[in-house]
Structure formats: C-alpha cells, structure tokens
Amino acid sequence: MPALNEAEGIGATLVSVARQRPPFEVLVADGGSTDGTPEAVARAMPEARVLRTGRGRAAQMNAGAAEASGEILLFLHADTHLPEGALDAAREALQADGVAGGCFMTRFAGPGAESGWMRLWESPLWMRWWRFAFGDRAPFCTRETFRAIGGFRAQPLFEDLDFVRDLRARGRWVFLPLAVQTSARRYGERGALVQQLRNFSLWTAWNAGVSPERLARFYPTHRPASPEASGEG
Numbered sequence: 001m002p003a004l005n006e007a008e009g010i011g012a013t014l015v016s017v018a019r020q021r022p023p024f025e026v027l028v029a030d031g032g033s034t035d036g037t038p039e040a041v042a043r044a045m046p047e048a049r050v051l052r053t054g055r056g057r058a059a060q061m062n063a064g065a066a067e068a069s070g071e072i073l074l075f076l077h078a079d080t081h082l083p084e085g086a087l088d089a090a091r092e093a094l095q096a097d098g099v100a101g102g103c104f105m106t107r108f109a110g111p112g113a114e115s116g117w118m119r120l121w122e123s124p125l126w127m128r129w130w131r132f133a134f135g136d137r138a139p140f141c142t143r144e145t146f147r148a149i150g151g152f153r154a155q156p157l158f159e160d161l162d163f164v165r166d167l168r169a170r171g172r173w174v175f176l177p178l179a180v181q182t183s184a185r186r187y188g189e190r191g192a193l194v195q196q197l198r199n200f201s202l203w204t205a206w207n208a209g210v211s212p213e214r215l216a217r218f219y220p221t222h223r224p225a226s227p228e229a230s231g232e233g
C-alpha cells in the first residue's frame, strides 16, 4: 500500500483489509509523510509493517513487493477500500489457466461521486473494451509474474497502465465483479467532467506513445489528506 500524508483516511482502508479472510500480510510503503501516517497505521493495524521509502508510487509499490512474503501481491491505494471477500476472489481468479493478473470494479465515494459522469466512469463496459485499468482498482498478480515483468516501471505517471500492459503480454487480465470503493476527491475539487477529460486526453497521448515523463508535466501533483470520513474511498 503506497502512502503519502494519508493519516486521516488510511485507518478506514486498513479496517477494510482487516475484514478479509486470512492469511494475508499488510505492508505500507510510506513515501515521507509529515502528517503522522505511520502512527495512524500503527493505531489502526499494529501488525502492519511500515516501510520508509522514497516518493513515487512505482518505487513505493516495488519496495513493498520486495518485502512481501506471500505468493500473491495486491496493490491497494491508501484511499481505497476492499469489499468483503476481495482477497478470496483474487486468489481464486489467479488459479485459472492463463490468468496473469486482474483487478476489481470501482465505486466512487465523496464529493461529486453521485454525478452521472462519475457513474459512467465506473462502468465496466468501457474499461473492458479498452482493456486497461488504473491503479485505484486494486490490481493483483502472483509474485512470480511480478518478478518476471520486472515490477512497476520507474516513471512519474501511468505506472499502473504500463503494469497492466506488461501483465497482459504474459496472459489474460481479468476484471472481477466485486467493486472497491475509492475516493472521488480529485474529481470533487476539479469537477467530474473536467477531470475525466483530462484523464482521457492523457490516456490517449500515452496510448499513442508519448512518454510518461512528458505527460507528467500536465498532471499536477495532488496529495492532500484523505477526505472526511463520510466520503472516504
């Protein structure tokens, strides 16, 4: 779980993990939080391990994967909650022949989450049609496959999309019907339509071969504390 200044909301995310059927382990890769995120993790889940890493989701997730002892790796954003039975569903999916990895559907929560544009963004139809998935859908794969593709690419943007692309080159990618609940905070501040148009334009450029380094110039860093409890995702 990569985290940076997520003290306000990471506890609720860890509660959603604690409700899963064991066995599992939790590693939080903290990229230098100054708001007490490691302490919040210790209060919510004392058994979780906190790793002090450099900033950048790719580096944080690679660091967590390197320390994990399990045979299945699931990458969860600090503002995303797992539904009941999520880990069991991931384990079962990876037992099928030819499956390299997978992810969940998404349900947004927080300011702006109920807009029609947001509900359209949640639809599994276009995601399956374009055959890609963002990191807020809790992607998972086996440790063996993760090592085979070299983990997440060290880049400032779209490490999640390249991760899915690399896995799909080795086998099938599955979309599980269960939905994670993720924060709509970015959409709530900028407006759902504006943010979706930004995402789509950046995705189109990435798909056309524009480097993530160039695209990152048009994607402002946004790392506030998690939204209020009633709107966490």
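Numbering (this note's numbering), first residue to last: 1 to 233.
C-beta: ideal position from N, C-alpha, C; glycine also.
- The alpha-carbon separation between residue 44 and residue 113 amounts to approximately 26 Å.
- In this structure, residue 30 lies near residue 3, with their beta-carbon atoms less than 8 Å apart.
- Taking every protein chain shown into account, the CB of residue 75 has 16 or more other CB atoms within 10 angstroms, so this residue is buried.
- Nearest to residue 73 by C-alpha distance, out of 156, 23 and 219, is 23.
- Taking the C-beta atoms as reference points, residue 184 is found nearer than 8 Å to residue 108.
- The beta-carbon distance between residue 171 and residue 99, rounded to whole angstroms, is 6 Å. This is short enough to meet the 8 Å contact definition.
- For residue 49, the pairing in a beta bridge is given by DSSP as 27.
- Residue 209 carries a coil assignment under DSSP once its states are collapsed to helix, strand and coil.
- Apart from sequence neighbours up to five positions away, the residues of its chain that approach residue 89 with a beta-carbon distance below 6 Å are 176 and 178, ordered along the chain.
- In the structure shown, residue 165 falls within a helical segment according to DSSP collapsed to helix, strand and coil.
- At the C-beta level, residue 156 and residue 212 come within 8 Å of one another.
- Counting only runs of at least 4 residues, the region 31-106 fully encloses the following alpha helix (DSSP H) elements, listed from N- to C-terminal order: 37-44, 57-67 and 86-93.
- The C-beta distance from residue 20 to residue 86 rounds to 6 Å, short enough to fall under 8 Å.
- Residue state for residue 133 is assigned as coil, using DSSP reduced to three classes.
- Beta-bridge analysis with DSSP links residue 181 to 81 and 107.
- Rounded to whole angstroms, residue 143 and residue 158 show a C-alpha spacing of 21 Å.
- Here the alpha carbon of residue 81 sits roughly 15 Å from the alpha carbon of residue 122.
- Under the three-state reduction of DSSP, residue 214 is assigned to helix.
- Distance from residue 10 to residue 50 at the Cβ level is roughly 10 Å; contact not present, criterion being Cβ atoms closer than 8 Å.
- In the assembly as shown, residue 197 is an exposed residue. Its beta-carbon has fewer than 16 other beta-carbons within 10 Å.
- Taking a contact as a CB-CB distance under 8 Å, the pair residue 64 and residue 27 counts as one, their CB atoms being some 4 Å apart.
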